[in-house]
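Residue numbers (this note's numbering): -15 to 320. Ideal Cβ placement from N, Cα and C applies to all residues, glycine included.
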Ligand code: DAH
């Protein structure tokens, strides 16, 4: 074979190789093409190389260089094609990496629970722990032990949900005061959050079941000054250091004297700051201390009761109490 024929054969093989490599669409086809071109046995390049021996000695050098460079070119083209076939196989056509991920659903504490937790935290720093009592309570704990006179209007069938045989759904968290004093020796400092029940219609400002938060401090020598100082500290922590507080007279059978605490706050309704009553309070009546089995000559104390639902309404500008109990995700989502 002359050098010119050899070079022509190389040129043709190069064109064939380019076309075959380009046409491969799978790994299997690619392997087939590679074997046909550069396979040791039966590969077209090996076939051409064997021709070298029959060429005139002076042409062999040029022919050898030509076939070697063809081999390098074919191998490079095979490698490029192999890599692009692999890349195409590993990224499937339906995988869209630009699609946004699905957002995870996040739960959160109910606004009333949030207010309770926040208040408990403020009092925890003052040494108060949390006490719980039953929601189905006896008439004695709910009324009798708390110094309610037998004809008190709160005990009317129209106001209280009676369960029969001396049991009621508790109308307030105050019975936890008595249960706590029976169970622990002073000094006592507790908060008692929980649900209470009254025979009320469910309207914008009333719920037949709602949360209350009770506070109780009992020790030797506790006075009204402790009550005012502690509750004023609480109000400033909860509503802001510049918040003003005031105490006015009130009446509860289980406290003497009884008071209400007002705070001067902005309810976020555009009307600015005004005085809002947030709790009932007072010095624990000696009769209550005695009915819990403690010596009222030795021990005195103060207590308060408030509605965290109302606090949540004033804090978050919620106009209707029913929103707090509807469990409507669209409403609750605002507090996440
Ligand atoms: N138990 C009262 C109520 O439900 C609230 C209350 C007032 C609790 C004064 C107290 C207190 O501990 O000292 O309406």
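Check: residue 156 C-beta below 7 Å from any heavy atom of ligand 1: By 1-based counting over the chain shown, the position of residue 156 is 172. Correct: residue 156 has its Cβ closer than 7 Å to ligand 1.
Residues bridged to residue 244 [DSSP beta-bridge criterion]: The sequence position of residue 244 within the chain shown is 260, counting from 1. DSSP output for residue 244 lists 232, 264 as bridge partner(s).
Closer than 8 Å to chain D by CB, residue 105: No chain D is present in this structure, which holds just one protein chain.
Residue 223 - containing alpha helix (DSSP H), residue span: Here residue 223 corresponds to residue number 239 of the chain shown, with the count starting at 1. Where residue 223 is concerned, the enclosing alpha helix (DSSP H) stretches over 208 to 223.
Integer-rounded CB distance, given that residue 112 should sit under 8 Å from residue 163: Here residue 163 corresponds to residue number 179 of the chain shown, with the count starting at 1. Here residue 112 corresponds to residue number 128 of the chain shown, with the count starting at 1. Wrong, their Cβ atoms sit about 16 Å apart, outside the cutoff.
Cβ contact check for the region 192 to 212 and the region 290 to 307: 3 or more pairs under 8 Å: Result yes; three or more Cβ-Cβ pairs closer than 8 Å.
Stretch-stretch touch, CB-based, cutoff 8 Å, three pairs: the region 307 to 316 with the region 225 to 234: Contact between the region 307 to 316 and the region 225 to 234 is absent, with fewer than three C-beta pairs closer than 8 Å.
Beta-bridge partners of residue 202, as assigned by DSSP: Position 218 of the chain shown, counted from the first residue, corresponds to residue 202. Per DSSP, 172, 285.
Exposed unless 16 or more other CB atoms sit within 10 angstroms - verdict on residue 52: Stepping through the chain shown from its first residue, residue 52 is reached at position 68. So residue 52 ends up on the exposed side.
Where the beta strand (DSSP E) through residue 301 begins and ends: Taking the first residue of the chain shown as 1, we reach residue 301 at position 317. From DSSP, residue 301 is part of no beta strand (DSSP E); its letter is neither H nor E.
Start and end residues, alpha helix (DSSP H) containing residue 49: Sequence index remark: in the chain shown, residue 49 carries index 65 (1-based). Looking at the DSSP string, the run of the alpha helix (DSSP H) that includes residue 49 is 41 to 74.
The region 215 to 222 contacting the region 115 to 122, beta-carbon criterion three pairs below 8 Å: By the Cβ criterion, the region 215 to 222 is not in contact with the region 115 to 122, since fewer than three pairs of Cβ atoms, one from each stretch, lie closer than 8 Å.
Residue 194, DSSP secondary structure in three states: By 1-based counting over the chain shown, the position of residue 194 is 210. If DSSP states are grouped into helix, strand and coil, residue 194 belongs with the strands.
Closer than 7 Å: residue 261 CB and nearest ligand 1 heavy atom: What you label residue 261 is simply residue 277 of the chain shown in a count that begins at 1. Checking the 7 Å criterion, the Cβ of residue 261 is out of range of every heavy atom belonging to ligand 1.
Status (buried if at least 16 other CB within 10 Å, exposed otherwise) for residue 142: The residue given as residue 142 occupies position 158 in the chain shown. With fewer than 16 other Cβ atoms within 10 Å, it is exposed.
Residue 267 and residue 248 closer than 8 Å at C-beta: Position 283 of the chain shown, counted from the start, is the residue given in the question as residue 267. Position 264 of the chain shown, counted from the start, is the residue given in the question as residue 248. No, the Cβ-Cβ distance between residue 267 and residue 248 is not below 8 Å.
Straight-line Cα distance separating residue 109 from residue 230: Walking along the chain shown from the start, residue 230 turns up at place 246. Walking along the chain shown from the start, residue 109 turns up at place 125. C-alpha separation (whole angstroms): 23 Å.
Stretch pair the region 184 to 191 + the region 146 to 160: three plus CB contacts closer than 8 Å: The region 184 to 191 is not in contact with the region 146 to 160.
Own chain residues within Cβ distance below 7 Å of residue -7, not counting five before or after: Taking the first residue of the chain shown as position 1, residue -7 is located at position 9. Its chain contains 32 as the residues whose beta carbon lies nearer than 7 Å to that of residue -7, once the 5 sequence neighbours on both sides are disregarded; these appear in chain order.
8 Å Cβ cutoff met for residue 299 and residue 99: Start at 1 with the first residue of the chain shown, and residue 299 comes out as number 315. Start at 1 with the first residue of the chain shown, and residue 99 comes out as number 115. The Cβ atoms of residue 299 and residue 99 sit closer than 8 Å to each other.
Residue from 11, 222, -15 with nearest C-alpha to residue 106: Position 122 of the chain shown, counted from the start, is the residue given in the question as residue 106. Measuring from the Cα of residue 106, the nearest candidate turns out to be 222.
Uninterrupted beta strand (DSSP E) stretches inside the region 111 to 137 (no shorter than 3 residues): Scanning the region 111 to 137 from its first residue to its last, the whole beta strand (DSSP E) runs of 3-plus residues come out as 120 to 122.
CA-to-CA distance, residue 295 to residue 95, given in whole angstroms: Numbered from 1 along the chain shown, position 111 holds the residue referred to as residue 95. Numbered from 1 along the chain shown, position 311 holds the residue referred to as residue 295. The alpha-carbon atoms of residue 95 and residue 295 are separated by roughly 10 Å.
Assigned secondary structure, residue 25 (DSSP; H/G/I helix, E/B strand, else coil): Translated into the one-based positions of the chain shown, residue 25 becomes position 41. Three-state DSSP puts residue 25 in coil, outside helix and strand.
CB of residue 276 within 8 Å of CB of residue 165, strictly: Stepping through the chain shown from its first residue, residue 276 is reached at position 292. Stepping through the chain shown from its first residue, residue 165 is reached at position 181. Closer than 8 Å, so yes.
Helix, strand or coil at residue 250 [DSSP, three-state]: On the chain shown, residue 250 is found 266 positions in, with the first residue counted as 1. Annotated three-state conformation of residue 250 is strand, per DSSP.
Cβ pair count under 8 Å reaching 3, the region 46 to 66 against the region -7 to 2: In short, these stretches touch, since the Cβ pair count reaches three.
Limits of the unbroken beta strand (DSSP E) element including residue 151: Along the chain shown, read from residue 1 onward, the residue named residue 151 stands at position 167. Run containing residue 151: 151 to 153, per the beta strand (DSSP E) assignment.
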